[in-house]
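Residue numbers (my numbering): 1 to 307. Each residue gets a CB set at the ideal place from its N, CA and C atoms; glycine is no exception. In this text the structure is predicted, and so the values were computed from the model without any measurement. Accompanying notes for the structure given below.
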């Protein structure tokens, strides 16, 4: 349709697409390149902070590596991020490297549409920005969208402690494969951060794509705790070892024992080890990816299922 062709020239593509993907996602691979070396980090990198935008990985890839994202089926380069080493994070049994995102670009749109779409998106972000709310700079959001070329799974994080109970959605999560750690990057302002630092236990519910509406409604609990587990719009069940209420209809419930936490810019990075892993059902999980990535896949007839 001619409307589909002309639309990107008159208004920006959506920044994000909510899609249904089987986990772990295998549509995009991530590779770190440095000093003539390379390593697959599809399951070994995650976002540790939004302001500044920081990537964590189990690898020490030198001072200025390149993080590339490629389509798994065709090998086509979709985009890349230029990284600058910041610091190391050491736990009792493993260490990680933190990298500031120094720059990046994607190839999901051709020139000049790529630059034009970014300009439209940046203009809209600046227009809608509130001085009283958290908001990264438009350039950092463009770089974050490149990091989301690897579709990011959405989970509900459950926290339970005397006097405090909560459940909220997250997608700044992921395994750091070589270290054996699993990471959660939670905004410092989240009401449950101090409790998670103290109790050092959470349950993660991997959410079916069909539960999108119910999951998004729980975003309010980043600001205030849940008052009653019975008020949830779906049944809960206790996790295997910790007995933390989790989503009964989850595809998978993992319990995480937190071994380290520290502030990294705007976020608190929690690192933990998986204590139990219950795979409850087959299905496609709720994921987020960049809008220009979905546009690329749609143009080539291999779009992800949107929900």
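Tell me whether residue 235 is buried or exposed, calling it buried when 16 or more other Cβ atoms sit within 10 Å of its Cβ.
-> Numbered from its first residue, the chain shown carries residue 235 at position 235. It is exposed - the Cβ of residue 235 has fewer than 16 other Cβ atoms within 10 Å.
- Which residues DSSP lists as bridging residue 98, in chain order: Here the question's residue 98 lines up with position 98 in the chain shown. Answer is 56 and 87.
task: Return yes when the Cβ of residue 140 is within less than 8 Å of the Cβ of residue 53, no when it is not.
output: The count along the chain shown starts at 1 and reaches residue 53 at position 53. The count along the chain shown starts at 1 and reaches residue 140 at position 140. Contact: yes.
Query - Alpha carbon of residue 127 to alpha carbon of residue 117, nearest angstrom - result: In the chain shown, residue 127 corresponds to position 127, counting from 1. In the chain shown, residue 117 corresponds to position 117, counting from 1. Taking the straight line joining both Cα atoms gives about 15 Å.
Legend entry - Chain-order list of residues whose beta-carbon lies under 6 Å from that of residue 34 (same chain, five-residue window excluded): Your numbering for residue 34 matches position 34 in the chain shown. Taken in chain order, the residues that qualify are 61, 62 and 65.
| task | Can you tell me which of the three DSSP states residue 282 falls into? | result | Within the chain shown, residue 282 is the residue found at index 282, counting from 1. In the structure shown, residue 282 sits in coil (DSSP, three-state: anything other than H, G, I, E or B).
Inset, instruction - Identify whether residue 287 lies in helix, strand or coil by the three-state DSSP scheme. - result: On the chain shown, position 287 is the one that residue 287 refers to. If DSSP states are grouped into helix, strand and coil, residue 287 belongs with the strands.
Taking the straight line between their C-alpha atoms, what separation do you get for residue 157 and residue 205? For the purposes of this step, residue 157 is taken as residue 157 along the chain shown, with counting starting at 1. For the purposes of this step, residue 205 is taken as residue 205 along the chain shown, with counting starting at 1. Going from the Cα of residue 157 to the Cα of residue 205 covers about 7 Å.
Note the first and the last residue of the continuous beta strand (DSSP E) segment covering residue 69.
In the chain shown, residue 69 corresponds to position 69, counting from 1. Unbroken beta strand (DSSP E) run through residue 69: 66–71.
Using 8 Å for Cβ pairs, my map puts residue 286 next to residue 211. What's the rounded Cβ distance? Here residue 286 refers to the residue found at position 286 of the chain shown. Here residue 211 refers to the residue found at position 211 of the chain shown. The pair is a contact, with the Cβ atoms about 7 Å apart (cut-off 8 Å).
Pair within 8 Å by beta-carbon distance, residue 57 and residue 41:
The residue labelled residue 57 in the question sits at position 57 within the chain shown. The residue labelled residue 41 in the question sits at position 41 within the chain shown. Yes, they are a contact pair.
Supposed contact pair residue 79 and residue 146 - C-beta distance, whole angstroms, cut 8 Å
Along the chain shown, one-based indexing puts residue 146 at 146. Along the chain shown, one-based indexing puts residue 79 at 79. Indeed they touch by this definition, with Cβ atoms about 4 Å apart.
Cβ shell of residue 22 (< 6 Å), same chain only, five flanking positions each side left out
Counting from one through the chain shown, the residue named residue 22 turns up at place 22. Counting only Cβ-Cβ distances below 6 Å, and skipping sequence neighbours, we find 284.
- Task: Identify the continuous alpha helix (DSSP H) that holds residue 313 and give its terminal residues.
- Result: Beyond the ends of the chain as shown, which are 1 and 307, falls residue 313; an answer cannot be given.
query = To the nearest angstrom, how far is it from the Cα of residue 51 to the Cα of residue 267?
reply = Locating residue 51 in the chain shown gives position 51, counting from the first residue. Locating residue 267 in the chain shown gives position 267, counting from the first residue. Spanning the two alpha carbons is a distance of roughly 8 Å.
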